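What follows is a single structure, written as structure tokens, with notes after it.
Numbering (this note's numbering), first residue to last: 0 to 75.
Encoded structure:
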């Protein structure tokens, strides 16, 4: 496990270290989910529809994934 200390700006923003962005494939514009689990903040990358269902965003599978992502966002 690697630990990094980051600062939070007055606007509530922080920077994910480059090493971790590269390791987890996080790019500008990606959506991340932050959860409070047992008193810890857990950050997870929200997969893009194309990653989960291929490039055919009109397929039934893509629609199901889209609904699941929307549900996750609403719960957040």
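No residue lacks a Cβ here, since even glycine has one placed at the ideal position from N, Cα and C. Quick caveat: nothing in here was measured; it's all calculated off a predicted structure.
DSSP state of residue i mapped onto helix, strand, coil
i	result
residue 7	coil
residue 27	coil
Run of the alpha helix (DSSP H) containing residue i, from where it starts to where it stops
i	result
residue 59	59–74
Distance, residue j Cα to residue i Cα
i	j	result
residue 42	residue 59	29 Å
residue 70	residue 9	30 Å
residue 7	residue 72	23 Å
residue 1	residue 27	22 Å
residue 76	residue 37	Coverage of the chain is limited to positions 0 through 75, which leaves residue 76 absent and any answer about it impossible.
Below-9 Å beta-carbon distance, residue i vs any chain D residue
i	result
residue 5	Included in the structure is just one protein chain, with no chain D present.
Range covered by the beta strand (DSSP E) that runs through residue i
i	result
residue 41	39–44
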